[in-house]
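S.K.:
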Amino acid sequence: MTEPALELLRGATDALEGEGAVAAVAREMVRMQGPDAGRYLQGQLSQDVVAMAGPSAWSFILQPSGRVTAWLRVHRRADDEYLLEIEPGHGEDLIARLRRFLLRTDAVIGDPEPWTLVARRHAPGLLRLGEAPEEATEEVLIGAPVGPGVAGSDLLLPGAPDAVVARLGLDPVPPAAFERHRIAHAVPAMGAELTEQTIPGEAGDWVIEASVSFTKGCYTGQELVTRIHSRVGKVPRPIRLLRLLDAEVGHAPPIGAEIRRPESETGTGTDTGTVVGAVTSSAAALGSEHPALVLAPLARAVDLGAEVDIVDGPRRHRAVVVGPPAVSRS
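Residue numbers are given in the numbering used here: position 221 of the sequence shown equals residue 355, and the series is strictly consecutive.
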């Protein structure tokens, strides 16, 4: 990575955590319409879509076993029309899951539609007026971002990012800067931290608080969510944020790299450390104020403050497990 590229990413990262900046991110939207749409989604989503306080809310849709099919945001356009927002490439799986139990239901599910998330982010406590409409319209949906220390607003518009950027005259940050922001705030991503093997509670207490109603009626997969919640978050592999202590500038550990306990904790000789997880998302080191960051589901025994080794080919990077957000603010 060249120095100009590094400087651009440092500036964009600081803006997202400071005075504010905007990102344009691809999304897919799955539309469900019909007299029974709300009733059906109420029995499939973990969120109380009938009694949502605002026009949108975060939710899980689960397998009957209680494991994750998708983490999404549901937008209510009307009592008989809902739009389900999900990351690109996961719309078809969401549709297949929704149609699995769609029997004797007066509702239709459309194909994935390309939309763009216009995400404005800034430092918590920074008052930003006039950046987002107070109500959704036919062409614009609104939503609240979630995540530890995340502040800002979300707009969603139909169309691909390039078209939306041109139409609105935006100057978005590079995708790598917004990805670093996501990782620094430990916001899980579909296909990375969240897979068909994930238990919802592994995403973190804040995700459960934002995405699950414990007062609504039954929904598919509810039993496991309720059981884990009653155990006060004791999940097998919680998603953790790691800050690397020694990665060179411009480098990030590859996805899938093994994470091990340090050799000193497991013995000497041929013992190379117990595997406790693998990298699912990573952001490159940009300098001393912007270390490399990693998200990974780790064994429950690896607590905050613990040091681990990330195996990167012939190299090992020492990292420490930290609580989000991992940001540098002046």
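C-beta: ideal position from N, C-alpha, C; glycine also.
Nothing here was measured: the structure is a model prediction, and the numbers come from that model.
Taking the runs of the beta strand (DSSP E) that are 3 residues or longer, which of them lie wholly in the region 197-267?
M.R.: Counting whole runs of 3 or more residues, the region 197-267 contains the beta strand (DSSP E) stretches 202-212, 215-220, 247-255.
S.K.: Buried or exposed: which applies to L260, given that a residue is buried once 16 or more other Cβ atoms fall within 10 Å of its Cβ?
M.R.: By the 10 Å Cβ count, L260 comes out exposed.
S.K.: Return the bridge partner residues of P292 from the DSSP annotation.
M.R.: W249.
S.K.: Could you check where the beta strand (DSSP E) with G411 kicks off and where it finishes?
M.R.: Per DSSP, G411 belongs to the beta strand (DSSP E) from 409-412.
S.K.: Would L218 pass as a contact of L237 if the rule is Cβ separation under 8 Å?
M.R.: No. Outside cutoff.
S.K.: Do you know how far the Cα of R434 is from the Cα of D288?
M.R.: Those two C-alpha atoms are separated by around 33 Å.
S.K.: With a cut-off of 8 Å, do at least 3 Cβ pairs link the region 315-335 to the region 233-248?
M.R.: No contact exists between the region 315-335 and the region 233-248.
S.K.: So what does DSSP say about F348, is it helix, strand or coil?
M.R.: Residue state, collapsed to three classes: coil.
S.K.: To test your reading of the DSSP string, which unbroken alpha helix (DSSP H) runs of 4 or more residues are found completely within the region 296-361?
M.R.: For the region 296-361, whole alpha helix (DSSP H) runs of length 4 or above, ordered along the chain, are 309-318, 339-345.
S.K.: Quick one: Cα of E79 to Cα of W249, how far?
M.R.: No statement about residue 79 is possible, as the shown extent of the chain runs from 135 to 464 and does not include it.
S.K.: Give the DSSP-derived three-state secondary structure of E153 in the structure shown.
M.R.: Looking at E153 - three-state DSSP - the assignment turns out to be coil, as it is neither helix nor strand.
S.K.: Distance check for Y216 and V208, CA to CA, integer angstroms please.
M.R.: V208 and Y216: Cα-Cα distance of roughly 7 Å.
S.K.: Looking at Q178 and T354, is the spacing between their C-beta atoms short of 8 Å?
M.R.: It is a contact, given that the beta carbons lie within the stated cut-off.
S.K.: Going along the chain, which residues of its own chain have a beta-carbon closer than 6 Å to the beta-carbon of A344, five neighbours each way excluded?
M.R.: W192, V280, listed in sequence order.
S.K.: Name the residue from T349, G421, G407 whose alpha carbon lies nearest to the alpha carbon of R186.
M.R.: A quick correction: the sequence has Met, not Arg, at residue 186. Nearest C-alpha to M186: T349.
S.K.: With respect to the beta strand (DSSP E) encompassing A453, which residues constitute its N-terminal and C-terminal limits?
M.R.: Note, A453: beta strand (DSSP E), 449-456.
S.K.: Going by Cα to Cα distance, which pick from E137, E141, E247 is closest to P222?
M.R.: The shortest Cα separation from P222 among E137, E141, E247 belongs to E247.
S.K.: Which residues does DSSP pair with D446 in a beta bridge?
M.R.: In DSSP, D446 forms a bridge with R449.
S.K.: By the three-class DSSP mapping on this structure, what secondary structure does Q176 have?
M.R.: Q176 falls in the helix class under three-state DSSP.
S.K.: Which of helix, strand or coil does DSSP assign to P138?
M.R.: Three-state result, P138: helix.
S.K.: Pairing CB atoms from the region 358-365 with CB atoms from the region 298-310, are three or more of them under 8 Å?
M.R.: No: fewer than three Cβ pairs fall under 8 Å.
S.K.: Nearest to D170 by CA position, among A160, V183, V159, M163, is which residue?
M.R.: For the residues A160, V183, V159, M163, the minimum Cα distance to D170 belongs to V183.
S.K.: Does the Cβ-Cβ distance between V468 and P388 come in under 8 Å?
M.R.: Any answer about residue 468 is impossible in this case: the structure gives the chain only from 135 up to 464.
S.K.: Shortest alpha-carbon distance to F235 belongs to which of H224, D214, W340, Q197?
M.R.: Nearest option by C-alpha distance: Q197.
S.K.: Just to confirm, are E151 and V436 a CB contact at a threshold of 8 Å?
M.R.: No, these two residues do not count as a Cβ contact at 8 Å.
S.K.: Looking only at its chain, what residues have a beta carbon closer than 7 Å to the beta carbon of D405, apart from the 5 residues adjacent to it on each side?
M.R.: Unreliable positioning characterises D405 in this predicted model, as indicated by a pLDDT of 47, which lies under 50. A coordinate reading is not provided.
S.K.: What residue does the beta strand (DSSP E) around E423 start on, and which one ends it?
M.R.: Neither: E423 is in no beta strand (DSSP E) and is coded neither H nor E.
S.K.: Going by the DSSP bridge assignment, what does P431 pair with across the sheet?
M.R.: Per DSSP, I373.
S.K.: By the 10 Å Cβ neighbour count, where 16 or more other Cβ atoms means buried, how is G447 classified, buried or exposed?
M.R.: The residue is exposed, with fewer than 16 neighbouring Cβ atoms inside 10 Å.
S.K.: Let me check one thing: in DSSP terms, what residues is A160 bridge-paired to?
M.R.: DSSP output for A160 lists T250 as bridge partner(s).
S.K.: In whole angstroms, give me the CA-to-CA distance for M163 and L275.
M.R.: Taking the straight line joining both Cα atoms gives about 11 Å.
S.K.: Who are the Cβ neighbours of V456 in its own chain at under 6 Å, not counting the five residues just before and after it?
M.R.: Once the five neighbours on either side are set aside, the close Cβ partners of V456 are L375, R377.
S.K.: So, is R233 buried or exposed, given that buried needs 16 or more other C-beta atoms within 10 angstroms?
M.R.: Result: exposed.
S.K.: Based on Cα-Cα distance, which residue from E423, L432, P334 lies nearest to F194?
M.R.: Closest by alpha carbon: P334.
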